[in-house]
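These protein sequence lines map, in sequence, to chains A and B. To convert, count from 1 in the first sequence and add 33; that's this note's numbering. To convert, count from 1 in the second sequence and add 64; that's this note's numbering.
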Amino acid sequence: MIEPRFKPGDQVRVRKTYPLGHIRTPFYIRGHSGVVERICGAFGNPEELAQMRSGEPRQPLYRVRFRQQEVWPAYQGNAEDVLEVEIFQHWLE
Amino acid sequence: MKETGSYQPYSYFQLMEVSLRELLVEKGIVTEAQVAATVEDMRSRSPERGARVVARAWVDRSFRERLLENGSHACEELGLDVPALKLVVVENTPAVHNMVVCTLCSCYPRMLLGIPPDWYKSRNYRSRAVREPRAVLSEFGLQLNIKTKIRVHDSTADMRYLVLPMRPAGTEGWSEGRLAATVTRDCMIGVAVPKPN
């Protein structure tokens with residue numbers, strides 16, 4: 034298992050990259066910045082599992098909180114509305 | 065046997081499912097009985113399970129704390145096995161409303177809510193819930209005050225989310241069973257709120 038590099042409260046950015054394959058990082062959130070809400074644990078890397086490989090070493094999984102207005106510039110609503118997405122560590126920088 | 069009703073040929077995915085299942089049975093990997101039992105088990109789960117959890121949290125403060133701390137463990141206390149997933153329970157308050165979506169597919173806390181409704185899997189809900197949650201909620205008949213913050217949870221990986229709604233006013237002294245009856249599936253996805261009935 035890979036050690037977590039981030040802790041709750043850390044500012045992170047989702048990598049803006051578009052590899053092929055089974056990716057659990059939604060397109061809409063790539064390139065956006067948020068704050069680590071919690072560490073969910075470590076899980077098999079889905080990109081590896083989808084290729085019938087072991088998924089090891091397990092990757093830390095985070096819940097990252099994004100401000101809606103940061104993700105969608107034209108967002109209508111409360112300025113503190115947020116979106117929380119699970120992101121694996123290798124997608125964060 | 066004479067066919068009745070409207071006959072539709074198998075769709076591509078139905079045909080693939082039948083072919084794969086027959087192959088697995090033929091090769092002795094699973095039996096027809098195991099497949100039938102699993103389907104039956106999936107069908108037998110219903111949102112009443114989740115409603116029991118919510119009602120318990122409303123009447124038992126320490127259970128509520130344990131539920132928010134570790135959803136899977138707390139459900140075990142009620143004899144609800146939540147295997148192979150980590151349950152995150154998110155609590156609605158007067159200041160924050162939670163809503164759940166899976167933009168990538170249809171991840172859903174099936175152990176507590178059963179099979180997801182079709183709209184949960186629709187492109188419309190999945191693409192709009194993260195982008196214009198207030199508009200989506202109003203289409204469900206839920207008009208949220210602009211002062212209430214919305215927290216949308218996109219369950220993209222290994223967590224599953226259950227919304228713990230606010231206990232409706234006017235239900236003081238109600239039994240757990242009666243409280244549970246106010247908690248619909250949609251309340252636990254976060255597109256509705258319980259009403260005393």
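The C-beta atom is built at its ideal place from N, Cα and C for all residues, glycine as well. Everything numeric in this text was worked out from a predicted model, so none of it was measured.
Run down chain B in chain order and give the residues with a C-beta less than 8 angstroms from the C-beta of residue i.
| i | result |
| --- | --- |
| F121(A) | A221 |
| E113(A) | K213 |
| P79(A) | A221 |
Going by beta-carbon coordinates alone, are residue i and residue j separated by less than 8 angstroms?
| i | j | result |
| --- | --- | --- |
| V146(B) | A244(B) | no |
| L82(A) | F121(A) | no |
| V257(B) | L206(B) | yes |
| V152(B) | Y225(B) | yes |
| V47(A) | I62(A) | yes |
| V123(B) | I253(B) | no |
| R128(A) | A107(A) | This structure cannot settle anything about residue 128(A), because the visible part of chain A is limited to 34 through 126. |
| A204(B) | V255(B) | Before going on, a small fix: residue 204(B) reads as Phe here, not Ala. It is a contact, given that the beta carbons lie within the stated cut-off. |
| T220(B) | P260(B) | no |
| G145(A) | K40(A) | The structure shown does not extend to residue 145(A), since chain A is modelled only from 34 through 126, so no value can be given for it. |
What's the call for residue i, buried or exposed, on a 16-neighbour Cβ count within 10 Å?
| i | result |
| --- | --- |
| S87(A) | exposed |
| N156(B) | buried |
| G241(B) | exposed |
| D250(B) | buried |
| E89(A) | exposed |
| G178(B) | buried |
| N78(A) | buried |
| E81(B) | exposed |
| A267(B) | Nothing in the structure corresponds to residue 267(B), since chain B is present only between 65 and 261. |
| D222(B) | buried |
| M175(B) | buried |
| A121(B) | buried |
| E80(A) | buried |
| M65(B) | Low per-residue confidence applies at M65(B): pLDDT is 45, beneath 50, and the placement is therefore not dependable, though the value from the model is reported in the following sentence. Its Cβ having fewer than 16 others within 10 Å, M65(B) is exposed. |
| Y51(A) | exposed |
| R125(B) | exposed |
| T167(B) | buried |
| R38(A) | exposed |
| C169(B) | exposed |
| Y172(B) | buried |
| S136(B) | buried |
| L84(B) | exposed |
| L142(B) | exposed |
| L79(B) | exposed |
| A138(B) | buried |
| Y189(B) | buried |
| R107(B) | exposed |
Under 7 angstroms between beta-carbons, which chain A residues line up against residue i? List them in chain order, please.
| i | result |
| --- | --- |
| T167(B) | P59 |
| H217(B) | E117 |
What residues of chain A sit near residue i, judged by a beta carbon separation below 8 angstroms?
| i | result |
| --- | --- |
| K150(B) | C73, G74 |
| I210(B) | G110, N111 |
So which residues on chain A does residue i lean against when the C-beta distance must stay under 9 angstroms?
| i | result |
| --- | --- |
| V194(B) | P59, Y61, I62, Q101, V104, W105, L116, V118 |
| I253(B) | Within 9 angstroms Cβ-Cβ: nothing; I253(B) doesn't reach chain A, min ~15 angstroms. |
| R198(B) | Q109, G110, N111, D114 |
Quick one: list the residues of chain B neighbouring residue i, beta-carbon separation under 9 angstroms, in chain order.
| i | result |
| --- | --- |
| L94(A) | A221, D222, M223 |
(message) Taking 8 angstroms as the cut-off, does the region 106-122 of chain A touch the region 58-70 of chain A (at least 3 CB pairs, one atom from each stretch)?
(response) yes
(message) Quick check: the region 179-187 of chain B against the region 128-140 of chain B, are at least 3 beta-carbon pairs closer than 8 angstroms?
(response) no
(request) With a floor of 4 residues, list each alpha helix (DSSP H) that falls wholly inside the region 66-97 of chain A, ordered by position along the chain. (result) 79-82
(request) Could you name each continuous alpha helix (DSSP H) segment of 4 residues or more that falls completely within the region 145-180 of chain B, going from the start of the chain to the end? (result) 174-177
(message) I'd like to know if the region 153-171 of chain B and the region 213-231 of chain B are in contact, where contact means that at least 3 CB-CB pairs between them fall below 8 angstroms.
(response) yes
(message) Pairs of beta-carbons, one from the region 224-233 of chain B and one from the region 91-99 of chain B, closer than 8 angstroms: are there three or more?
(response) no
(message) With a threshold of 8 angstroms, are at least 3 pairs of Cβ atoms found where one atom belongs to the region 99-112 of chain B and the other to the region 47-58 of chain A?
(response) no
(request) Check whether the region 188-199 of chain B touches the region 97-113 of chain A, taking contact to mean three or more Cβ pairs, one atom from each stretch, closer than 8 angstroms. (result) yes
(request) Taking only runs that begin and end inside the region 193-257 of chain B, name each unbroken alpha helix (DSSP H) of 4 or more residues, in chain order. (result) 197-203, 240-244, 249-253
(message) If we require 4 or more residues per run, which alpha helix (DSSP H) segments fall completely within the region 114-146 of chain B?
(response) 125-133, 135-141
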